[in-house]
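In what follows, a structure is listed as structure tokens, so that the remarks can point back to it.
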Amino acid sequence: MWRSLTAVLSVLMLACTGDGPEDWSGTIDTLPSGTILVSNPEQGRWGSRPAWQLVQAHMIGTRLDSGPELFGNISDIDVDAAGRVYVFDRQAQDVRLFDADGSYVRTIGGAGQGPGEFSVANGIAVDPANRLWVHNQGNLRYSVFDTSGILLMEPRRIVGAIRFAEWRSVFTADGDLYEAMGYRSSTGTHFGLARYDAVAQRLVDTLPIPPFPEGIKLFSGIAILTANGWWQGIKHTYRLSHITFAGDTVRVIERIREAEPLSRAERDSAEEQERQIKQRVTRGEVDIETHLRPIFEGLVLDDLDHLWVMLSSQPGDDSTGFDIFDQSGRYLGQLTAPHLVDRFVLPIIRGGRIHYVTKDELDVPYVVVADIRGRQ
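Last residue of the sequence shown: 464 in our numbering, with the numbers rising by one and none dropped.
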């Protein structure tokens, strides 16, 4: 059930400060390949009570008027160094900027083909220079704006032949942009990374993404880009791998947790979804897991390098759990956000806050901003 918009997030009791006591019972080993393997027990360092707490700062959104706080379809968010929140509305094809306190600042862009306008845009990102990049997919370019919303440049985008529902990208400290790309050939569908020099405004090279251990499984394999590589895993097995841009697996995190079987109705729905997608998109070369419920739905790396694993929800749930791992891969424990977090829009965890998208019972989207107390 949707919780009142005027209510604050439920406060998770603070057991202690920092990441918790040093009573972790897992193991850290170095494999012959040099990969570090972190094997976690079922219970984390926090024990039975979390060491962090979430306290809502504000919520952005409304269903009562037609102003800038009314969103049609939020498909991406990002946060700049000042804590300002950029919200991309796919339906309106614009970006709305809100101050760190949630007050509306301005709207950027709009549907069209002209300068600073968007067509089939599907994502945004703030670079190290605090410039806003819009993945202007339909117009085959990036649209880049300064902090005041002025259009700076629109370099051409030439990589990839597959249009993704979401834009997955990351900026490195020196200004390189890495983004996920996909293309089709006679041998099937392929995925890789494109490296774009944001300063020189040119494509540098492309990198293949190593296959998942169990093969590519649509809606089963998942990966997030980081400034020094990416994390990938299979939703139905709790094994996460950190891979560098050079293709080396440097760390693997495991945790004891078994996937649950889907109900008969859920299996029927998954099988029908698989049939439709194979006919329309994938030419039959990838599979959807149709027997097991995903353990998790997303991976998020915060600005202190904690890995947040967004756990899958079940029918009737009105909250979302996150498994938290420290910088070395040790399991800390679980935090619960008292809303269903939109699994198609990855949360942004930056500046001591978590920002995520949720929807009410009428499917109206909102951005929730909450402080993370106790995180170090």
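We put the CB at the ideal spot given by N, CA and C, even for glycine.
Cβ separation of residue i and residue j, assumed to be a contact under 8 Å, to the nearest whole Å
i, j, result
"Val456", "Gln144", "7 Å"
"Val126", "Val388", "At roughly 18 Å, the Cβ-Cβ gap does not stay under 8 Å, so Val126 and Val388 are not in contact."
"Tyr266", "Arg283", "6 Å"
"Thr199", "Gln225", "It is worth fixing the name first, because residue 199 is Ala in this sequence and not Thr. Their Cβ separation, rounded to whole angstroms, is 13 Å, which puts Ala199 and Gln225 out of contact at 8 Å."
"Gln141", "Arg461", "4 Å"
"Asp215", "Ala286", "6 Å"
"Leu328", "Gly317", "That belief does not hold up - the Cβ atoms of Leu328 and Gly317 are roughly 12 Å apart, past 8 Å."
Exposure label - residue i; buried when at least 16 CB within 10 Å
i, result
"Val292", "exposed"
"Thr446", "buried"
"Ser231", "buried"
"Glu385", "buried"
"Met241", "exposed"
"Leu450", "exposed"
"Ala170", "exposed"
"Val167", "buried"
"Val173", "buried"
"Ala353", "exposed"
"Arg418", "buried"
"Arg133", "buried"
"Ile310", "buried"
"Gly335", "exposed"
"Ala425", "buried"
"Gly421", "buried"
Beta-carbon spacing of residue i, residue j below 9 Å
i, j, result
"Thr408", "Leu395", "no"
"Asn210", "Pro453", "no"
"Ser163", "Trp221", "no"
"Asn227", "Gln201", "yes"
"Lys323", "Pro382", "yes"
"Leu313", "Ala261", "no"
"Phe410", "Leu423", "yes"
"Arg178", "Asp448", "no"
"Phe333", "Leu281", "yes"
"Asp390", "Arg438", "yes"
"Val433", "Ile165", "yes"
Same chain, Cβ closer than 7 Å to residue i, neighbours up to 5 away in sequence not counted
i, result
"Leu119", "Leu125"
"Pro435", "Val388, Val429, Ile442, His443, Tyr444"
"Glu205", "Gly197, Gly198, Ala199"
"Gly303", "Because Gly303 carries a pLDDT of 46, less than 50, the predicted location of this residue cannot be relied on, and the following value inherits that uncertainty. Nothing listed; no residue qualifies."
"Ile331", "Pro298, Gly317, Trp318, Gln320, Thr337"
"Asp405", "Leu428"
"Ile238", "none"
"Val369", "At Val369 the pLDDT is 49, less than 50, meaning the model places this residue with poor confidence; the figure from the coordinates comes in the next sentence. Closer than 7 Å at the Cβ level, and outside the excluded window around Val369, lies no residue."
Beta-carbon contacts of residue i that lie in its chain and below 6 Å, excluding the five residues immediately before and after
i, result
"Asp117", "Leu125"
"Glu342", "Ser127, Arg327"
"Gly190", "His146, Ile148"
"Arg184", "Pro156, Val175, Thr195"
"Asp187", "Arg172, Val193"
Own chain residues within Cβ distance below 8 Å of residue i, not counting five before or after
i, result
"Asp153", "none"
"His86", "Lying before the first or after the last residue shown, residue 86 is absent from the chain, which here runs from 89 to 464."
"Ser207", "Gln181, Ala199, Gly200, Gln201, Asn224, Gln225, Gly226, Asn227"
"Ala203", "Checking the displayed sequence, the identity of residue 203 turns out to be Pro instead of Ala. So the qualifying residues of the chain are Leu239, Glu242."
"Gly114", "Val126, Ser127, Asn128, Pro129, Arg418, Tyr419"
Can we say the stretch 148 to 158 touches the stretch 128 to 137, given the rule of at least three CB pairs closer than 8 Å?
no
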